[in-house]
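Report on one structure; see the data block that follows.
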Amino acid sequence: MNSTPRLASVVSPTSRLQRRSDPPNRCQEHLMPSLIPDPDVQSELPDAMPAIPAMPALSKAERRFSRLPKPLRTLEAAPASLKSYLALGTLLEKTSLSSEEQQVVLLSVSRESRCAVCMGAHGLLADMMDLPPEMIEALREGGRLSDQRLESLRQFTAALAKAHGRIDEAAVAALEQAGYDRQQVLEVILGIGMKTLARYSDQIPGTDGQPWPAACLAC
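Structural data, given as structure tokens:
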């Protein structure tokens, strides 16, 4: 039996985000919108750091939101760290992992690291990408996915994050048996690295980042 404490709900069965036509509410301003820093943040980046293009998978969110998500504001004090996080996200979009597989990786590592903020962001993003609600719920709960290939990816990602990279060859072989190759093993690590940067930065005492309202983690 899974003894992992239940994280706050990401998707409500009766209200899966406000409808796209509704104005943004207090929760929605914390979603993963365009990952281009807002003007105030971008102006603080060194000239050698050009504007970072938006991640393709966030195009739906970009059409509604235009500001840097608050969880990332913790990185404002270190422009190189902020740029690195955004660049990692852009690079993840360019891997051989599908957008669905990318969300499996990001939600799995977020859950394993007990990052409720990350779970909220990526759970809502997955909803905006029209991933099945039962799939999002399973990822939130650490439950099995009905698609065996994606389930193998979920298990591998969670195990890799939990073991801090110290997994045996059998775990890698199991993922490869599900149809993934060594390139994709390393791409999973890219996703884990991306969320590790966000998680560690968010946990540093005294950062200026504002946490998500509690209501956002239950919407």
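Mind the numbering: the sequence shown is residues 1169 to 1387 in my numbering, read in order. Positions of the beta carbon are idealized from the N, C-alpha and C atoms, including for glycine.
Judged by their CB atoms, residue 1256 and residue 1362 are nearer to each other than the 7 Å cut-off.
Across the structure, residue 1274 and residue 1259 are spaced so that their CA atoms are roughly 14 Å apart. Look at the beta carbons and you see the stretch 1317 to 1335 touching the stretch 1259 to 1272: at least three pairs across the two are nearer than 8 Å. For the pair residue 1305 and residue 1277, the Cα-to-Cα distance works out to about 15 Å. For residue 1355, the CB contacts under 6 Å within the same chain, skipping 5 residues up- and downstream, are 1263, 1265 in chain order. Taking the CA atoms as reference points, residue 1254 sits about 29 Å from residue 1311. In the three-state reduction of the DSSP assignment, residue 1258 falls in the helix class, which pools H, G and I. If you ignore the 5 residues before and after residue 1369, its C-beta comes within less than 6 Å of the C-beta of 1242, 1243, all in its own chain and listed in chain order.
In this structure residue 1338 does not touch residue 1280 by the C-beta definition: roughly 19 Å separates them, more than the 8 Å allowed. Counted as a single uninterrupted DSSP element, the stretch harbouring residue 1336 is not any alpha helix (DSSP H), since DSSP gives it neither H nor E. In this structure, the alpha-carbon of residue 1323 lies about 10 Å from that of residue 1330. Within the same chain, Cβ atoms closer than 6 Å to the Cβ of residue 1359 are found at 1260, 1273, 1274, the five residues on either side in sequence being excluded. Around residue 1340, the same chain offers 1353 as residues with beta carbons nearer than 7 Å, after the five sequence neighbours per side are excluded.
Distance from the Cα of residue 1315 is smallest, within the candidate group 1303, 1309, 1308, for 1303. Here residue 1244 carries a coil assignment [DSSP, helix/strand/coil]. In this structure residue 1248 is exposed. Its beta-carbon is surrounded by fewer than 16 other beta-carbon atoms within 10 angstroms.
Shown here, residue 1361 sits in a helix according to DSSP, grouped into three states.
If you compare the alpha carbons of 1371, 1334, 1347 with that of residue 1357, the shortest gap goes to 1334.
Residue 1314 carries a coil assignment under DSSP once its states are collapsed to helix, strand and coil.
Spatial neighbours of residue 1347 in its own chain (CB-CB distance under 6 Å, excluding positions within 5 residues in sequence) are listed in chain order as 1317.
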